[in-house]
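Chains A and B, in that order, are what the protein sequence lines are.
Just so we're on the same page, this note's numbering is the position in the first sequence counted from 1, plus 1.
Just so we're on the same page, this note's numbering is the position in the second sequence counted from 1, plus 6.
Note that the Cβ used here is the ideal one computed from N, Cα and C, for glycine as well.
Everything below concerns the one structure shown next.
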Amino acid sequence: MVEFFAESTAFGAVISILAYWIGTLIQKRWKFAIFNPMLIAIILIILFLTVLGIDYDVYNRGAEYITYFLTPATVCFAIPLYEQYERLKKKWRALLTGSLAGVLASLTSILLLSMLFGLTHEQYVSLLPKSITTAIGIALSGELGGIPTLTVAAIMITGVFGNICARALCRLFRICEPAAVGLAIGAAAHAIGTVLAREIGEEEGAISSLSIVVCGLLTVLAASVFAGLY
Amino acid sequence: MEYVFQFSIILLVTFVGEILHALIPLPIPAGIYGLVLMFVCLKTGMIPLEKIRKSANFLLDAMPVMFIGPCVGFMAIYREQGIAILYIALISILTTVVVMAITGRTAQFVIRHGRGGKNG
């Protein structure tokens, strides 16, 4: 049976969608933030592959077809941005200051925690791009001399955690201005967070999309400075 | 067919983004060039929103599913990196909390401060 899966091109795509569908059913039944359809799907698939002894590469041969759509989907973030443009324009000062603060907070906290946990330089620079969108993150990690697979892991953990906990964290820190909520989610948890920001509201979604671009570019500029610090 | 035509326009912009990515020697991915380009096209009216709206919304709504594949890749990385992945996970989670708090509070402060200044 495992050989059949290895031959199939649809297998990976089908179980991804099936697992996500099960995730949405579970979320509908129990409305806790931790029952996140994406997280449930990821855990189900990892369990399934491990139990049947199927390699990640075999699964990814089919799942790749879905991942392919990430780039055109990222391009579509221009739509909420376009629709909310007039409102965003008025808040450009807050958005720019917030993004700058977020990027510096991200890089500084990674520096301090890497020192604290005694990570190697290679692991440290792999973490620097963890709050930005995957495609920029991988390229930046490579440029800084990091380990791209480690960067992807950090980006995914950040995104999924941000997606699950953003509502609770915004409540905890009393962030309630829609623009500030959107920016906080986008700056911390990139595109995976933006999925949630779009669910919260139109303005939140648009600003979260914007911060993927702004924080991504700011991180590219600042990370090379931080790479030399540890 | 409507969805197919709309999707082709989005793919075309994505393709131009890929060309820019190949030509410009910066670590900026095709998707980001495409996003900026699409925004400019919408803003100048070169692409009317109605010509892409349905397919674009479909892609945005389906986005969580697109992240599942790369996330499952975590299992392969775990085998490769071993225990270090736990530190990486812990740092990722802690910094996410810090970034969210600082970004959100800073932006909120500037918004409220500016508003108060204008009204007062």
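Nearest to residue i (by Cα), restricted to the options the options
i: A167 of chain A; options: A:L112, A:G24, A:A190, A:I55; result: A:A190
i: P130 of chain A; options: A:G119, A:G147, A:F118, A:T121; result: A:G147
i: T134 of chain A; options: A:G194, A:A207, A:V126, A:I18; result: A:G194
i: V133 of chain B; options: A:R199, A:K92, A:I80; result: The structure shown does not extend to residue 133 of chain B, since chain B is modelled only from 7 to 126, so the question has no answer here.
i: S210 of chain A; options: A:I139, A:L173, A:L112, A:L197; result: A:L197
i: P149 of chain A; options: A:I156, A:I139, A:E205; result: A:I139
i: E8 of chain B; options: B:M69, B:G88, B:F64; result: B:F64
i: Q12 of chain B; options: B:M44, B:A28, B:P35; result: B:M44
i: I128 of chain B; options: A:F49, A:L173, A:D58, A:L117; result: The question about residue 128 of chain B has no answer, for chain B in this structure spans 7 to 126.
i: S100 of chain A; options: A:Y231, A:T152, A:I18, A:A180; result: A:A180
i: F5 of chain A; options: A:T152, A:L120, A:Q124, A:D56; result: A:D56
i: K49 of chain B; options: A:A223, A:L117, A:E84, A:L105; result: A:E84
i: Q28 of chain A; options: A:L40, A:I18, A:S17; result: A:L40
i: I38 of chain B; options: A:E200, A:A154, A:A136, A:R172; result: A:A136
i: T51 of chain A; options: B:A113, B:V22, B:F80; result: B:F80
Note down, in chain order, all residues in the stretch 57-85 of chain A with a beta-carbon under 7 Å from any beta-carbon belonging to chain B. Y57, Y60, N61, A64, E65, I67, T68, F70, L71, T72, P73, A74, T75, V76, C77, F78, A79, I80, L82, Y83
Segment contact, 8 Å Cβ cut-off, at least three pairs: the stretch 40-58 of chain A with the stretch 33-53 of chain B: no
Using 8 Å as the Cβ pair cut-off and three pairs as the minimum, do the stretch 63-73 of chain A and the stretch 11-18 of chain A touch? yes
Report the residues of the stretch 10-26 of chain B with a CB closer than 9 Å to any CB of chain A, ordered along the chain. F13, I16, L17, V19, T20, G23, E24
Which complete beta strand (DSSP E) runs does the stretch 73-136 of chain A hold, if anything under 3 residues is left out? none
Against chain B, which members of the stretch 27-41 of chain A pass a CB distance test of less than 7 Å? P38, M39
If contact is defined by three or more beta carbon pairs under 8 Å, each pair taking one atom from either stretch, is the stretch 98-115 of chain B in contact with the stretch 107-114 of chain A? yes
Counting Cβ pairs, one atom from each stretch, are 3 or more of them under 8 Å apart for the stretch 93-103 of chain A and the stretch 57-71 of chain B? no
Are the stretch 153-172 of chain A and the stretch 14-21 of chain B touching, with three or more C-beta to C-beta distances below 8 Å? no
Please list, in chain order, the residues of the stretch 8-28 of chain A that have any C-beta partner in chain B closer than 8 Å. G13, S17, I18, A20, Y21
May I ask you to verify whether the stretch 167-176 of chain A touches the stretch 206-221 of chain A, counting CB pairs closer than 8 Å and requiring at least 3? no
If contact is defined by three or more beta carbon pairs under 8 Å, each pair taking one atom from either stretch, is the stretch 28-35 of chain B in contact with the stretch 22-35 of chain A? no
With 7 Å as the C-beta to C-beta threshold (strictly closer), list the residues of the stretch 143-154 of chain A near chain B in chain order. E144, T150, L151, V153, A154
Got a sec: which bits of the stretch 156-174 of chain A sit with their beta carbon under 9 Å from any beta carbon on chain B, in order along the chain? I156, M157, I158, T159, G160, V161, F162, G163, N164, C166, A167, L170, C171, L173, F174
Ordered list of alpha helix (DSSP H) runs contained in the stretch 45-101 of chain B, each at least 4 residues: 59-78, 80-87
Under 9 Å (Cβ pairs) to chain A, residues found in the stretch 40-61 of chain B: G40, L41, V42, L43, M44, F45, V46, C47, L48, K49, L55, I58, R59, S61
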